[in-house]
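Encoded as structure tokens, the structure appears first; notes follow it.
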Ligand code: GLP
């Protein structure tokens, strides 16, 4: 595991550079997390793309998760996040963008279809991941099986509370269920770039990287992956002493 601890003002630059270094040329497959932490990294990629410094228009993008009940046009959906913050700015056409179908009438079938889609694709070259304040990875909440695959999950109260900021601060508007790639699904990515920023992540990050590999801290499964790079700011790293 490689670790870089950075000052906040260079977080996005360092993360974008690490990401690009891990992508093969041609048509790479990029796995994307859709939280607040990577937003500035995607903005940095978009800037570099506008300046003609990078060309990711041939990339395929695969999301980690989606809220059940939100359609792709809902601005709060992860499909909208991926489209507006990643695919459109980087010039990636929509057939190359994959997000679980949150508004499917049959979310269980949609989750299975997404798992199948990932299994049939060439594989994720770099998976950008974040960590929840409760140690979750994607929407694999504490208690998720380490060998889990894409499925429908119930979101914890902590996660719904943490994500209420994307729903006008109204926790009651945050969906109760999501489709998420499982921990085994995520583990099939060739490399993983874990991004953590802010003191709210400090305990979870320390538990994930230094504690036992255990379903109680889903992100701890990353200890078993052969190619993980962690980029953390000083606040997120503060419990690692
Ligand atoms: C969210 C997402 C994850 C994300 C994590 C951290 O709920 N489903 O993909 O990595 O939790 O989010 P944030 O970066 O907003 O703290």
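Numbering (full-length UniProt numbering), first residue to last: 1 to 241. Even glycine gets a Cβ: it sits at the ideal position worked out from N, Cα and C. Computed from a predicted model, the values in this text were never measured in an experiment.
Restricted to the stretch 160-213, the alpha helix (DSSP H) segments that are unbroken, complete and at least 4 residues in length are 183-187 and 202-210, listed in chain order.
Assignment of residue 53 by DSSP, reduced to helix, strand and coil, places it in the coil class.
Residue 12 has its Cβ no nearer than 7 Å to any heavy atom of the ligand GLP. Excluding residues up to 5 positions away in sequence, 115, 182, 184 and 185 lie with their Cβ nearer than 7 Å to the Cβ of residue 149 in the same chain.
Annotation for residue 30: the continuous beta strand (DSSP E) segment containing it runs 29-32. Residue environment analysis places residue 55 among the exposed positions, since fewer than 16 neighbouring C-beta atoms fall within 10 angstroms of its C-beta.
The C-alpha of residue 94 is placed about 21 Å away from the C-alpha of residue 107.
No Cβ-Cβ contact shorter than 8 Å links residue 19 with residue 209. Between residue 49 and residue 100, the C-beta gap is not smaller than 8 Å, which leaves the two residues out of contact.
In the displayed model, residue 19 falls within a helix according to three-state DSSP. Residue range 107-120 is occupied by the alpha helix (DSSP H) that includes residue 113.
Shortest gap from the CB of residue 150 to any heavy atom of the ligand GLP: 7 Å or more.
Secondary structure of residue 12 (DSSP, three-state): helix. DSSP, reduced to helix, strand and coil, places residue 82 within a helical segment of the structure shown. The DSSP-derived three-state label of residue 140 is strand.
As a beta-bridge residue in DSSP terms, residue 63 pairs with 32. Within 7 Å of the C-beta of residue 131 there is at least one heavy atom belonging to the ligand GLP.
The C-beta of residue 38 has 16 or more other C-beta atoms within 10 Å across all chains shown, which makes the residue buried.
Following the DSSP letters along the chain, one finds residue 6 inside the beta strand (DSSP E) bounded by residues 2-6. In this structure, the straight-line span from the alpha carbon of residue 174 to that of residue 118 is close to 26 Å.
Annotation: the continuous beta strand (DSSP E) that includes residue 233 extends over 228-233. Between the C-alpha atoms of residue 58 and residue 205 there is a straight-line separation of about 33 Å.
Scanning 131, 60 and 44 for the CA closest to the CA of residue 53 turns up 44. Relative to the non-hydrogen atoms of the ligand GLP, the Cβ of residue 114 never comes closer than 7 Å to any of them.
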